[in-house]
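Converting from the sequence shown to our numbering requires adding 7 to each position, the first position being numbered 1.
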Amino acid sequence: MTLPRVSIQTEDFDLSAEITALRRENKGVGAVCSFVGTVRDRNEGDQVSSMELEHYPGMTEKSIEAMVDEALRRFDIFGARVIHRVGLLQPLDQIVLVAVTSAHRGQSFQACEFLMDYLKTQAPFWKKEETAQGARWVDARVSDDAALARWGITVANA
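Structure follows, in structure tokens:
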């Protein structure tokens with residue numbers, strides 16, 4: 008069974024199972040780098056009770072697949088796995104997984120960071136936080152755009 012590179016899902020994921028599947032049967036893997044993002048209970052100084060994520064099915068997966076293709080072109084990696092959750096999430100819930108395999112740690116670290124920087128600014132997700140002051144949409148931060156720019160990618164309207 009071939010593991011998909013990109014999954015958009017409402018259900019949670021198991022980090023250990025995902026990494027085991029990513030490295031399965033590749034004896035050349037010497038490094039695995041992973042990042043798991045979780046929902047925080049605070050943002051911009053306000054208490055956050057929940058976050059809801061929406062996406063455009065088909066377009067989102069295609070966009071993230073293109074990001075993975077770019078990471079494979081830029082870095083000497085064997086594979087990558089990206090899972091992003093959608094729907095209603097609570098503080099402490101896992102929201103995103105980026106995992107990368109390579110022969111050596113440096114390429115895995117770089118590719119993982121590249122994919123996360125790209126996801127934060129370019130992936131077509133819409134995030135809405137619920138706070139005591141009401142619901143609000145969340146935009147990418149200027150620091151996220153700056154992180155992406157160091158890879159030579161500039162954000163339109165930035």
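C-beta: ideal position from N, C-alpha, C; glycine also.
Within 7 Å, strictly: CB atoms of residue i and residue j
i, j, result
"I15", "E68", "yes"
"D100", "V145", "no"
"V39", "T108", "yes"
"Q114", "I160", "no"
"L10", "A28", "yes"
"G37", "A110", "yes"
"W158", "E61", "no"
Residue environment, residue i, which counts as buried when at least 16 other CB atoms sit within 10 Å
i, result
"Y125", "buried"
"M169", "Here the chain covers residues 8 to 165 and nothing more, so residue 169 does not appear."
"L122", "buried"
"E49", "A small correction: the amino acid at residue 49 is Arg; Glu does not occupy that position in the sequence shown. Under this definition R49 is an exposed residue."
"Q97", "exposed"
"E136", "buried"
Contacts around residue i, its chain only, beta-carbon distance under 6 Å, and the 5 residues preceding and following it disregarded
i, result
"V13", "E68, I71, E72, V89"
Cutoff 7 Å; reference residue i; Cβ partners in own chain excluding five residues on either side
i, result
"L95", "S57, E59"
"I26", "V39, S41, A106"
"R30", "V36, V39, T108"
"G141", "none"
Distance between beta carbons of residue j and residue i, contact taken as under 8 Å
i, j, result
"A139", "Q54", "6 Å"
"L104", "L22", "7 Å"
"A118", "A87", "7 Å"
Same chain, Cβ closer than 8 Å to residue i, five either side skipped, listed in chain order
i, result
"D19", "R92, D100, Q101"
"R112", "G37, A38, C40"
"V75", "R12, V13, A87, V89, L122"
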